[in-house]
Amino acid sequence: MAQSSSPSLEPAFLARLYPAPDFKIGSTSNGEILNVVPISSGTVISEPGFGIPLDAEIAFGSDYVRINPSQSHARIHVNAILKNKDGTLVTYSYRGVIKMDAAFLAILSGSPDAKTTTFGNAVSHVTFQAGLGPLKELEDNLFVGSARFVVEDKGFFIETKQCLRYTEPFEA
């Protein structure tokens, strides 16, 4: 069976998450270091021209950050509830990997030398759950994200460009 084209990406959402101070759980039985980061605020907004009308604020959320024993990467698991501008509630979840490089560590430590990272420092796959209505279609798709960490005067936020991943049907 020949495939008519390669998988492709369509820009879908821009997400901005603002973390609150974390809860340092510590070293777990598998050697990972676990921190739980509340998400104090944020938005997930459809990119211009994307067919699903999402313009939402984060109503509640947290990020479970597991730093691997070598401390070269962290695994993230975000779970949040979004409230769309029309009042619709949607769950928003993603898992990803962050490269623990010097630039990222400077941001985490609050270093005065910290600088905004480039996109690609963290990658993720995103899923949604929605009730009936125009956002129900979110459930039937897989989104992938590329993130950067944006330094501000009083901390940082995570900005993720999320794309719809789709594949053309196989030809017979």
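Residue numbering for the sequence shown follows my numbering, starting at 8 and increasing by one per position.
Even glycine gets a Cβ: it sits at the ideal position worked out from N, Cα and C.
Being a predicted model, the structure only gives us computed values, none of them experimental.
- Query: C170: which of D160, V151 and G94 sits nearest, CA to CA?
  - Reply: It is V151.
Would you mind reading off the limits of the beta strand (DSSP E) that contains L112?
-> First-last for L112: A109 to S116, but that is the alpha helix (DSSP H), not the beta strand (DSSP E).
Strictly by DSSP, which residues pair up with S48? Y25
Inset, instruction - Would you decide whether P55 is buried or exposed? Buried here means 16 or more other CB atoms lie within 10 Å of its CB. - result: exposed
Exposed unless 16 or more other CB atoms sit within 10 angstroms - verdict on P28
Exposed is the call here.
Next item on the list: Report back the beta-carbon spacing between L41 and R73 to the nearest angstrom; my notes put them in contact at under 8 Å.
Entry: 6 Å
**Q.** T124 to L145 span [Cα, whole Å]
**A.** Spanning the two alpha carbons is a distance of roughly 29 Å.
Any idea which residues DSSP pairs T98 with across the strands? T98 is bridged to I88 and Q136.
What does the alpha-carbon distance come out to for the pair A137 and S69? 19 Å
* Asked: Using the C-alpha atoms, what's the distance from L142 back to S15?
  -> 22 Å
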